[in-house]
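**Student:** Sharing a structure, written as structure tokens. Questions coming.
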Amino acid sequence: MERLDRERLYTDSQYRFEYLAGFVGFTEGDQEMIHKSASLLADRVPAIADAVYEKLFCYDATWAPFTQDQSGLPVRDKADSDPVTIDSEVIVFRKMMLVRYLRKLLTCEWNQGYVKYLEWVGNIHTTTPLKESTVDVDYIHLNAMLGFISDHIIAMVYDSDQWDEETKYAIVCAYNKFFWIQNDMFARPHIKDGVLTEEERAAVARKEKDRISAIRRGIWTEFFAVTVLGAALGAVAGAGAYRLFSK
0 MERLDRERLY TDSQYRFEYL AGFVGFTEGD QEMIHKSASL LADRVPAIAD
50 AVYEKLFCYD ATWAPFTQDQ SGLPVRDKAD SDPVTIDSEV IVFRKMMLVR
100 YLRKLLTCEW NQGYVKYLEW VGNIHTTTPL KESTVDVDYI HLNAMLGFIS
150 DHIIAMVYDS DQWDEETKYA IVCAYNKFFW IQNDMFARPH IKDGVLTEEE
200 RAAVARKEKD RISAIRRGIW TEFFAVTVLG AALGAVAGAG AYRLFSK
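So the sequence shown is numbered by numbering that gives the first Met the number 0: it starts at 0 and just counts up by one.
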């Protein structure tokens, strides 16, 4: 049985990703299938982004975050009272960000840098020091959006005549696993998993205290060894000097 470091699951994004990937069976083969799908999906990414924002426009709760000033992009001038529409600058910009995200998925190298990027995508949709604005999207809407994107990709893959049924199935499975992992990174800032109990906080405090004590013991041991060595060398030198001057 593999033992998990619970603390690292909530503090180390790479460790968390590797656990999730291992649990759902997201392998290098799945990553290759996502890259393979680029031949079909790369040109359709803008259409997916359009469909996503048309869907978000259907509900006041999903459109509300776009009516607030975005990080580095004010929604409107103070004197501008026009509502934010599908054609507004902020929506054009957000579509571009979604297009970039999906195209990056199709071509990425699956390394620690990309895992950090996926974590950033999750964090940036909530209140975080990583951005200037305080726009905070409720998790329920993020979950719904991922489901919508996933459905569009699955439909495009199965409607294609580019691959046989076995390859289509492999591509769909790869996306299914990936979106569950990305969904976890959306959920993480919104849930209380990983909040330490009183006992766990006490255990962490004891571990830190023991670590500091060990460092101090090491310092004192080294200091004592140096002191003893210095005294021994001094005694040897003194004895030599005594013999020299006693002649």
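Glycine included, every Cβ here is placed at the ideal spot set by N, Cα and C.
Please state the DSSP three-state secondary structure of His140.
**Tutor:** helix
**Student:** Would you identify the three-state DSSP class for Met0, choosing helix, strand or coil?
**Tutor:** coil
**Student:** Suppose you measure from the CA of Met0 to the CA of Glu165; what does that come to, to the nearest Å?
**Tutor:** Straight-line measurement puts the Cα of Glu165 at about 33 Å from the Cα of Met0.
**Student:** Closest to Gly112 by C-alpha separation, out of Ile170, Ala213 and Ser12, would be which residue?
**Tutor:** Nearest to Gly112 by alpha-carbon distance, out of Ile170, Ala213 and Ser12, is Ser12.
**Student:** Candidates Asn122, Asp158, Ile170 and Asn182: which alpha carbon is nearest Ala37's?
**Tutor:** Ile170
**Student:** Rounded to whole angstroms, what's the CA-CA distance from Phe22 to Pro82? Just pull it up for me.
**Tutor:** 45 Å
**Student:** Can you tell me which of Leu97, Lys206 and Lys176 puts its alpha carbon nearest to the alpha carbon of Phe25?
**Tutor:** Lys176
**Student:** Would you call the segment 179-189 and the segment 110-126 touching, i.e. three or more CB-CB distances under 8 Å?
**Tutor:** yes
**Student:** Beta-carbon within less than 8 Å of Cys172's beta-carbon, same chain only, minus the 5 sequence neighbours each way: which residues are those?
**Tutor:** Asp29 and Met32
**Student:** Given a threshold of 16 other Cβ atoms within 10 Å of its Cβ, counted over all protein chains shown, does Ile139 qualify as buried or as exposed?
**Tutor:** exposed
**Student:** Taking only the alpha-carbon atoms, compute the straight-line gap between Lys208 and Leu3 and give it to the nearest angstrom.
**Tutor:** 23 Å
**Student:** Quick check on Lys77: buried or exposed, where buried means 16 or more other Cβ atoms within 10 Å of its Cβ?
**Tutor:** At Lys77, the pLDDT of 47 sits below 50, so the modelled position is not reliable; the number obtained from the coordinates is stated separately. Lys77 should be labelled exposed.
**Student:** Taking buried to mean at least 16 other C-beta atoms within 10 Å of its own C-beta, is Tyr174 buried or exposed?
**Tutor:** buried
**Student:** Could you check if Lys191 is buried or exposed, using at least 16 other CB atoms within 10 Å of its CB as the buried criterion?
**Tutor:** exposed
**Student:** Just to confirm the assignment: which complete alpha helix (DSSP H) runs, minimum length 4, are found wholly within the segment 106-194?
**Tutor:** 111-122, 138-158 and 164-186
**Student:** Sorted by chain position, which residues of the same chain lie with C-beta nearer than 7 Å to Val114's C-beta, five sequence neighbours on each side aside?
**Tutor:** Ser12, Gln13 and Phe16
**Student:** Near Lys167, which residues of its chain fall below 8 Å by C-beta distance, leaving aside the five closest residues on each side in sequence?
**Tutor:** Val156, Tyr157 and Ser159
**Student:** Taking 6 Å as the limit between beta carbons, can you name the residues of its chain near Ile47, skipping five residues before and five after?
**Tutor:** His151
**Student:** I believe Phe65 touches Arg43 by the beta-carbon criterion, under 8 Å. Please report the beta-carbon distance rounded to the nearest angstrom.
**Tutor:** In fact, because the Cβ distance is near 23 Å, the residues do not count as touching under 8 Å.
**Student:** Apart from the five residues just before and just after Arg102, which ones in its own chain have a Cβ nearer than 6 Å to its Cβ?
**Tutor:** Val44
**Student:** Is DSSP giving Tyr18 helix, strand or coil here?
**Tutor:** Note: Tyr18 maps to helix in three-state DSSP.
**Student:** Report the three-state DSSP secondary structure of Gly28 (helix, strand or coil).
**Tutor:** helix
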